[in-house]
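Inspection log for the structure reproduced underneath, given as structure tokens.
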Amino acid sequence: MTNLKRISIAGFTVLIMLFTLTGRTEEKNSIMDMLGKGSDKDIPIKITSDRMEAYNKKDLIIFYDNVKAIRSDTTLLADRMDIYLNQKDKKIEKIVALGNVRINQEDKNATAEKATYFDNTQEILLEGSPQVWQKGNVLKGNSISMHLNEDRIIVNSADVQIKPKSMKNAPGMGKSKKETGNKESDSEEGAL
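For what it's worth, my numbering labels the leading residue of the sequence shown as 225, then goes sequentially.
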């Protein structure tokens, strides 16, 4: 069998195996939804890259350069993606995205240098200056661990910025000194 046919078969096999990623059937409403939880577990993932290598004996598939994975309304971009398969049933055991990792879903975003998804524990670990943001709310840390089954996030060295929903309508907020007649500054800057 030629190498091109092997790569085509391996690529098709990857698409079939990616169908098996597990998820929960809940409405998407949190930042963790973009990274694997949701009702779209049966929706295929399309992966494109400049190059792909499949190692059947190692149960490993590697995508190199300009990696783009799309599933439903979620897009993951990275320099490299390694997919580790279980030796027994060839299902996904772990996915590691490396280098300039960006995850986008509607108004939710995440960046890191490394993102690791563990299928058996339904955990996503973001490392390397990770940050997650949505509608002005920002979460940063040394590492961000998202436990999808538990709807729980663990952040080491947490740095959180929460944007109030309506600062302009809050009493004394968002108005200049002229509008309020107040001598103290009531501007939005520093109002957090």
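Each residue gets a CB set at the ideal place from its N, CA and C atoms; glycine is no exception.
Quick caveat: nothing in here was measured; it's all calculated off a predicted structure.
So the beta strand (DSSP E) residue 317 belongs to, where does it begin and stop?
316-329
Given a cut-off of 8 Å, decide if residue 269 and residue 295 are closer than it, judged by their beta-carbon atoms.
yes
So, at 6 Å on beta carbons, what are the nonlocal neighbours of residue 301 in its own chain, with the 5 sequence-adjacent residues on each side left out?
292 and 326
If you drop the 5 nearest sequence neighbours on each side, which residues of the same chain put their C-beta closer than 6 Å to that of residue 328?
299
In this structure, how does DSSP classify residue 380 when only helix, strand and coil are distinguished?
strand
Inter-residue Cα distance where the pair is residue 337 and residue 351
Taking the straight line joining both Cα atoms gives about 6 Å.
Alpha carbons only, please: which of 290, 281, 312 and 340 is nearest the one belonging to residue 370?
340
Spatial neighbours of residue 382 within its chain, please: CB distance less than 8 Å, with the 5 preceding and 5 following residues excluded, ordered by chain position.
363, 364 and 365
Tell me which residues share the same chain as residue 387 and place their Cβ nearer than 6 Å to its Cβ, disregarding the 5 neighbours each side in the sequence.
In the same chain as residue 387, and ignoring 5 residues on each side of it, the C-beta atoms closer than 6 Å to its own belong to 360 and 361, in chain order.
When 308, 333, 358 and 267 are compared against residue 320, the one with the closest alpha-carbon:
308
Relative to the alpha-carbon of residue 353, which residue among 267, 323 and 372 has its alpha-carbon at the smallest distance?
Taking only the C-alpha atoms, the option nearest residue 353 is 323.
What residues match up with residue 332 in a beta bridge as DSSP calls it?
329 and 358
Count the other CB atoms, across all protein chains shown, that sit within 10 Å of the CB of residue 389; report buried if there are 16 or more and exposed otherwise.
exposed
Cα-Cα, which of 368, 343, 275 and 330 is closest to residue 384?
368
For residue 367, report the span of its beta strand (DSSP E) as first-last.
367-371
When the Cα of residue 316 is compared with those of 331, 289 and 344, which residue comes out closest?
Checking every option, the nearest Cα to that of residue 316 belongs to 344.
Can you determine whether any heavy atom of the ligand MG sits closer than 7 Å to the C-beta of residue 359, and answer yes or no?
In the structure on display, the ligand MG does not appear, and there are no ligands present to speak of.
Taking the straight line between their C-alpha atoms, what separation do you get for residue 273 and residue 288?
6 Å
6 Å CB neighbourhood of residue 373 in its chain, flanking five on each side removed
346
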